[in-house]
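A.B. asks: Structure in structure tokens, see below.
2 protein chains.
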Amino acid sequence: MSPPAAVDVDSGSASATGPLTVDAIPALRAKSAKIPLGVAPATHSDLFKSPYCYTKPHAKRWDDVFSIEAKARKTSTLKGAAQFLKNPGLISLGGGLPSPEYFPFDELSVKVPTPPAFSPEESHKSGSVITAKKGDSRDGTSCYDLEVALNYGQATGSPQLLRFVTEHTELIHNPPYSDWQCCLTPGSTFAWDAVLRILCNRGDYIMMEEYTFSSAKETALPLGLKVAGVKMDEQGLLPEALDEILTNWDEATRGGAKPRVLYTIPTGQNPTGATQGVERRKAVYKVAQKHDIIIVEDEPYYFLQMQPYTGADGQPVPPPANHADFIRSLVPSYLSLDVDGRVCRIESFSKVLTPGSRAGWLVAPEQFIERYSRHSETTAQNPSGISQILLFKLLDEHWGHSGYLDWLINLRMQYTGRRDALVIACEKHLPGEIASWVAPDAGMFHWIGIDWQKHPGLAAGKTRDQIEEQIFLSAVDSKVLVSRGSWFTASESSGEGKMFFRATFAAASSENIEEAIRRLGEALRVQFGL
Amino acid sequence: MSPPAAVDVDSGSASATGPLTVDAIPALRAKSAKIPLGVAPATHSDLFKSPYCYTKPHAKRWDDVFSIEAKARKTSTLKGAAQFLKNPGLISLGGGLPSPEYFPFDELSVKVPTPPAFSPEESHKSGSVITAKKGDSRDGTSCYDLEVALNYGQATGSPQLLRFVTEHTELIHNPPYSDWQCCLTPGSTFAWDAVLRILCNRGDYIMMEEYTFSSAKETALPLGLKVAGVKMDEQGLLPEALDEILTNWDEATRGGAKPRVLYTIPTGQNPTGATQGVERRKAVYKVAQKHDIIIVEDEPYYFLQMQPYTGADGQPVPPPANHADFIRSLVPSYLSLDVDGRVCRIESFSKVLTPGSRAGWLVAPEQFIERYSRHSETTAQNPSGISQILLFKLLDEHWGHSGYLDWLINLRMQYTGRRDALVIACEKHLPGEIASWVAPDAGMFHWIGIDWQKHPGLAAGKTRDQIEEQIFLSAVDSKVLVSRGSWFTASESSGEGKMFFRATFAAASSENIEEAIRRLGEALRVQFGL
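Laid out in structure tokens, this is it:
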């Protein structure tokens, strides 16, 4: 990787000497390479990073962690021929791209909120209608037109949306090494499957939090992978537990080599709601360095970090005063601590804009992103062009970075209200004798511990699993659905002796949340004979 | 599989005794189960198939072809809990679905052509604007609203779009066994990768046409698969060659077990443009039965079947008189001949509507579709909901099946014009002494054979590959890009002694097509000293 020609690393200009800010982006764009307007152009994040990035050291090499499959991938034969397309005057009868005159979509419009009028009601009444047409780039209306969005694209995604997420990544995380890159993904579920196929061979172990997103585990198991669960506390993953597993790894007992990949949800973890503090992250990173581990941070809930919980009668904490304040309030990501280039960050719009777009992105060292792009070329190719142009129109052309940060601050306050409603309902309605919790700092989930050893079923010879099922079904009978903690265990030894239920405050209304928790409390009282 | 309650198989009503027609669809819908209006509902094609389907025999079992990975897939833990959601009055704090009030898209509109005014100009001037809003299903405006489309979905896709493709599949292909199903895919490239991972283990062989879509081969190779190329003629795949390979398969010499999977592009094959006639397909199917082979038919060009080529001075053949005529004019698919249920059909909107939607579908026996859905759940999940709702609005609500068939007929005539322009240009400008071709019946590609043994480089000791490269670069120097035939060889022994170039008539204008072929003719004359 080398900086693009347009970036003058040695200029000593302001932008080369400090982290990127929202205000500096117009100047950065003015100096950067122009967005290519044609169909499926080659692109990469280096075109859009600030000169400051290039003052940093390079990432470590990942050669020794790539899977057999990833090592075998070659550049697409047909994409290789694209080099000739730039010859002036050339007529191509080469590629099999359909002609845009046969795309039966002449114009695409979407009504979206304008900051700060973000509520559904305001959006509906006074939202702005933004439009993409087929000829927008020909007449200079936009650098991304419908003709291009409706055609094939590159695995990296369109340069238009890639530029936005690259700048956003630099604004928020400012990675401490130089050759990081972004690549769009058709959603985090796809990205995690791809990461596993790129980094692991059948029979390998990976490490996950002892309670983890069950789908993430179910992605790994059919690939022939095994999971070692890492113990957690209220801040999630315990670095000492991670170190202990790796230091004492015995290949023969485990039936597999010492793992190289750690999967973690550091912020608002699913299912526990735990958020790793900055010191915790630094300690985990140190263990990763000691054992040369790749950290995969799956971060859908990063921007669902909330205001501190101040209790039913407490004074609410005022929202962040401005963008800089907001960014400072966010717990540092692993990416932002990644001096070695050993972090692969899976980013998502699902919890902050819409899951239906099936568009997210990855951030990782160039060497990994290159392998991911090869993988993507022969699988999902790229996220829907229709999703991409709508996200671009909203994020880049309508909101800009500033408006997007406003949206995220708004979301923070909304989720704070929901979290508060749930926690206050728990304080009011759950029996404190057997139920305990910590108010979550981020995410959508509240993790309720149950002192199941006080359950009368125990004396009657029932197992923990049977009691958990009985409580779960009794809650369902009381017309409230929560998730059983055992659904989320990373391995058979995970969560021994403990019992939890997961409740989410993402979807139900405040009134429904309180009613649901009231019903849960009732069910618990009946179950425990309280 | 059993027919849904709403379908009365034994009624002896007209719809149970004959193939589905466009006109019968409203009555079928009236009898079928209602489209569920909620977020991410479970769905499957059986809800939408006509009673006639259930009068047919069941598909063969596929148990012995599933890969280690496919066999290991289990039902998602969290999706299992969804069964409780239908309990009346239940409040769910279970799933992690975000609340639609935080999706910043209030309304989505698209301007599309209304049959028969399909041209870009007509579409632009007088197209209809169709709109999806957040509350459409609440106020009865539509069975598919933006709130649902913007949220998570099931791997099968939304029931709204799945219904349309299921009906379309029955209309066009009328599979001769009962338990076929459709499942949406995020594009054919993804689907082919998934099919391979579901049917093959590392070290397995698959069979492909000796010249094949290079990306399809490049999808297979990194998975540790090997390719046996099957010889072709002007109608594509040769059944005798297929039978010979399988009959004489020697595991030791080949270094792999006898293959079970045949990949074919039967219509407008990429790169050769060849279309298998119906007798050819029947013969290939018989060989597949003899050796118990799964046929994967990749059919992006099926609806790019064109009018017969009648030459520069010939009388054009009039377009199909009506829908029935059009459907009859189409060469039968493998799916339509599939009495055993051994065909997996990969369907695409990329060449007939837009590649940018990254949405297509699969048709295969229920047993396979079930494994595919499990695969999809932990990879791409489902195509973009934004793409899905736009396709639904256009295909189902605006055009209906009738309007879509009109669109496809229009496309047939458009491509006929393009193909004619290319073939007539070849007749006019290419040196007949060394160049030969057959006018393609379908697709986007024209395959030009070159009698390279007449090239002066041969006497000078050059190899076929070197001469191919020299001709290619000389064409590039003359400002025309075509693709080298050797880029598409399935295996090293493919296409021995022959030389081809592929030209596409999909993208360039008629004038540019003629100019490009003129340049190619010039380059060939210089190369061969004519």
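One line per chain: the protein sequences are A and B, in this order.
Residue 415 in the numbering used here sits at position 415 of the first sequence, with consecutive numbering throughout.
Adding 1000 to a residue's 1-based position in the second sequence gives its number in the numbering used here.
Virtual Cβ for every residue (Gly too), placed ideally from N, Cα, C.
(1) How is the alpha helix (DSSP H) around cysteine 1183 of chain B delimited, first residue to last?
(2) Look up glutamine 305 of chain A in the DSSP assignment and give the residues it is bridged to.
(3) Quick check on this structure: which residue in A/Asp338, A/Pro320 and A/Lys286 has the alpha carbon closest to the alpha carbon of histidine 58 of chain A?
(4) Going by DSSP, what residues sit across from serine 436 of chain A in a beta bridge?
(5) By the 10 Å Cβ neighbour count, where 16 or more other Cβ atoms means buried, how is isoleucine 1068 of chain B classified, buried or exposed?
(6) Ignore the nearest five residues each way along the sequence and tell me which others in isoleucine 1369 of chain B's own chain have a CB closer than 6 angstroms to its CB.
(7) My parser needs the beta strand (DSSP E) runs of 3 or more residues fully inside the region 1109-1170 of chain B; what are they?
(8) Quick one: list the residues of chain B neighbouring tyrosine 152 of chain A, beta-carbon separation under 8 angstroms, in chain order.
(9) Given serine 329 of chain A, which residues of its chain have a CB within under 8 angstroms of its CB, disregarding the five upstream and five downstream residues?
(10) Is it a yes or a no for the region 207-226 of chain A touching the region 375-390 of chain A, going by three-plus beta-carbon pairs under 8 angstroms?
(11) By how many angstroms is the C-alpha of histidine 1375 of chain B removed from the C-alpha of proline 1003 of chain B?
(12) Cutting at 8 angstroms between CB atoms, please list the residues of its own chain near glutamate 297 of chain A, excluding the five before and the five after it.
(13) Can you tell me the Cβ-Cβ gap for histidine 1446 of chain B and valine 1480 of chain B, rounded? I've got them flagged as a contact below 8 angstroms.
(14) Does the pairing of the region 43-51 of chain A with the region 1188-1208 of chain B give three or more beta-carbon distances under 8 angstroms?
(15) Roughly how far, in whole angstroms, is the beta-carbon of valine 1284 of chain B from the beta-carbon of leucine 1237 of chain B, given that I think they are within contact range, below 8 angstroms?
(16) Can the beta-carbon of arginine 358 of chain A be found closer than 8 angstroms to that of glycine 187 of chain A?
(17) Take the Cβ of proline 1271 of chain B as the centre, count every other Cβ of all protein chains shown within 10 Å, and call the residue buried at 16 or more, exposed below.
(18) According to DSSP, is serine 99 of chain A part of a helix, a strand, or is it coil?
(19) So that I know if they touch, is there some Cβ in chain A lying closer than 8 angstroms to that of proline 1113 of chain B?
(20) If you reduce the DSSP assignment to three classes, tell me which class tryptophan 1177 of chain B lands in.
(21) Applying a beta-carbon distance threshold of less than 8 angstroms, which residues of chain B neighbour serine 142 of chain A?
(22) Tell me, please, which residues DSSP counts as bridged to isoleucine 327 of chain A.
(23) Would the beta-carbon of proline 1104 of chain B fall within 8 angstroms of that of glycine 1127 of chain B?
(24) Does tryptophan 192 of chain A come out as helix, strand or coil in the three-state DSSP assignment?
(25) Could you name the residues of the same chain whose beta carbon sits closer than 6 angstroms to that of threonine 1504 of chain B, not counting the 5 residues immediately before and after it, in chain order?
(26) Should alanine 14 of chain A go down as buried or exposed, given a rule of 16 or more other Cβ atoms within 10 Å for buried?
(27) So does the region 1081-1096 of chain B actually touch the region 477-493 of chain A, counting three or more Cβ pairs closer than 8 angstroms?
(28) Which runs of the alpha helix (DSSP H), 4 residues or longer, sit entirely within the region 1212-1281 of chain B?
(29) What's the gap between the Cα of arginine 419 of chain A and the Cα of tryptophan 487 of chain A?
(30) Would you call serine 178 of chain A buried or exposed, if buried means 16 or more other Cβ atoms sit within 10 Å of its Cβ?
(31) Beta-carbon within less than 8 angstroms of threonine 43 of chain A's beta-carbon, same chain only, minus the 5 sequence neighbours each way: which residues are those?
(32) Which of helix, strand or coil does DSSP assign to aspartate 338 of chain A?
(33) Pull up the DSSP beta-bridge partners for serine 1483 of chain B, would you.
(34) Run through DSSP, which three-state label would glycine 1018 of chain B get?
(35) According to the Cβ coordinates, are isoleucine 1025 of chain B and glutamate 1244 of chain B closer than 8 angstroms?
(36) Would you list, in chain order, the members of the region 1212-1234 of chain B that have their beta-carbon closer than 8 angstroms to a beta-carbon of chain A?
C.D. replies: Walking through what the data contain:
(1) Here residue 1183 of chain B is taken as the residue at index 183 of the second sequence, counted from 1. First-last for cysteine 1183 of chain B: 1180-1185, but that is the beta strand (DSSP E), not the alpha helix (DSSP H).
(2) Taking the first residue of the first sequence as position 1, residue 305 of chain A is located at position 305. DSSP lists A/Ala442 as partners of glutamine 305 of chain A.
(3) Counting from 1 along the first sequence, the entry for residue 58 of chain A is found at position 58. The shortest Cα separation from histidine 58 of chain A among A/Asp338, A/Pro320 and A/Lys286 belongs to A/Asp338.
(4) Locating residue 436 of chain A in the first sequence gives position 436, counting from the first residue. BP columns for serine 436 of chain A point to A/Gly449.
(5) Stepping through the second sequence from its first residue, residue 1068 of chain B is reached at position 68. Exposed: under 16 other Cβ atoms inside 10 Å.
(6) Position 369 of the second sequence, counted from the start, is the residue given in the question as residue 1369 of chain B. Within the same chain, isoleucine 1369 of chain B has close Cβ partners Gln1181 and Cys1183.
(7) 1128-1133
(8) For the purposes of this step, residue 152 of chain A is identified with residue 152 of the first sequence, where counting begins at 1. Chain B residues near tyrosine 152 of chain A: Ser1350, Pro1355 and Gly1356.
(9) Translated into positions along the first sequence, residue 329 of chain A becomes position 329. Hits under 8 angstroms: Gln305 and Pro320.
(10) no
(11) As a working mapping, residue 1003 of chain B is identified with position 3 in the second sequence. As a working mapping, residue 1375 of chain B is identified with position 375 in the second sequence. With a pLDDT of 47 at proline 1003 of chain B, under the threshold of 50, the modelled position of this residue cannot be trusted, and the question is left open.
(12) Indexing the first sequence from 1 puts residue 297 of chain A at position 297. The residues are Thr264, Ile265, Pro266, Ser333, Tyr334, Leu335, Val343, Cys344, Arg345 and Ile346.
(13) Here residue 1446 of chain B corresponds to residue number 446 of the second sequence, with the count starting at 1. Here residue 1480 of chain B corresponds to residue number 480 of the second sequence, with the count starting at 1. Not quite, the Cβ-Cβ distance comes to about 13 angstroms (not below 8 angstroms), so this is no contact.
(14) no
(15) Here residue 1284 of chain B is taken as the residue at index 284 of the second sequence, counted from 1. Here residue 1237 of chain B is taken as the residue at index 237 of the second sequence, counted from 1. Right, their Cβ atoms sit about 6 angstroms apart.
(16) As a working mapping, residue 358 of chain A is identified with position 358 in the first sequence. As a working mapping, residue 187 of chain A is identified with position 187 in the first sequence. Yes, these two residues count as a Cβ contact at 8 angstroms.
(17) For the purposes of this step, residue 1271 of chain B is taken as residue 271 along the second sequence, with counting starting at 1. With 16 or more other Cβ atoms within 10 Å, it is buried.
(18) Taking the first sequence and counting its residues from 1, the one referred to as residue 99 of chain A is at position 99. In this structure, serine 99 of chain A counts as coil in the three-state DSSP scheme.
(19) Numbered from its first residue, the second sequence carries residue 1113 of chain B at position 113. Yes, because at least one Cβ of chain A sits closer than 8 angstroms to the Cβ of proline 1113 of chain B.
(20) Looking up residue 1177 of chain B in the second sequence gives position 177. The sequence shown places tyrosine at residue 1177 of chain B, rather than the tryptophan named in the question. It is coil, neither helix nor strand.
(21) For this step, residue 142 of chain A is matched to residue 142 along the first sequence. Here the premise fails: no neighbours, minimum Cβ distance about 16 angstroms.
(22) The sequence position of residue 327 of chain A within the first sequence is 327, counting from 1. DSSP, once it has assigned bridges, lists no residue as partnering isoleucine 327 of chain A.
(23) As a first step, residue 1104 of chain B must be located in the second sequence, where it is residue number 104. As a first step, residue 1127 of chain B must be located in the second sequence, where it is residue number 127. It is not a contact, given that the beta carbons lie outside the stated cut-off.
(24) Stepping through the first sequence from its first residue, residue 192 of chain A is reached at position 192. The answer is helix: DSSP assigns tryptophan 192 of chain A an H, G or I state.
(25) Residue mapping note: residue 1504 of chain B aligns to position 504 of the second sequence, counting from 1. Once the five neighbours on either side are set aside, the close Cβ partners of threonine 1504 of chain B are Met1444 and Phe1445.
(26) Locating residue 14 of chain A in the first sequence gives position 14, where the first residue counts as 1. Here alanine 14 of chain A scores only 39 on pLDDT, less than 50, and its place in the model should not be relied on; the value that follows carries that caveat. It counts as exposed.
(27) Touching, yes.
(28) Runs of the alpha helix (DSSP H) inside the region 1212-1281 of chain B: 1214-1220, 1239-1247 and 1251-1254.
(29) Indexing the first sequence from 1 puts residue 419 of chain A at position 419. Indexing the first sequence from 1 puts residue 487 of chain A at position 487. Near 23 angstroms, if we compare the C-alpha coordinates of tryptophan 487 of chain A and arginine 419 of chain A.
(30) In the first sequence, residue 178 of chain A corresponds to position 178, counting from 1. Its Cβ being crowded by 16 or more others within 10 Å, serine 178 of chain A is buried.
(31) Start at 1 with the first residue of the first sequence, and residue 43 of chain A comes out as number 43. Cβ within range, chain order: Pro36, Gln154, Thr156, Gly157, Ser158, Pro159 and Leu162.
(32) As a first step, residue 338 of chain A must be located in the first sequence, where it is residue number 338. In this structure, aspartate 338 of chain A counts as coil in the three-state DSSP scheme.
(33) Indexing the second sequence from 1 puts residue 1483 of chain B at position 483. Partner(s): B/Arg1502.
(34) Residue numbering aside, residue 1018 of chain B sits at position 18 when the second sequence is read from its first letter. Of the three classes helix, strand and coil, the one that applies to glycine 1018 of chain B here is coil, per DSSP.
(35) Position 25 of the second sequence, counting from 1, holds the residue named residue 1025 of chain B. Position 244 of the second sequence, counting from 1, holds the residue named residue 1244 of chain B. Not closer than 8 angstroms, so no.
(36) Ser1214, Ser1215, Glu1218, Thr1219, Leu1221, Pro1222, Leu1223 and Gly1224
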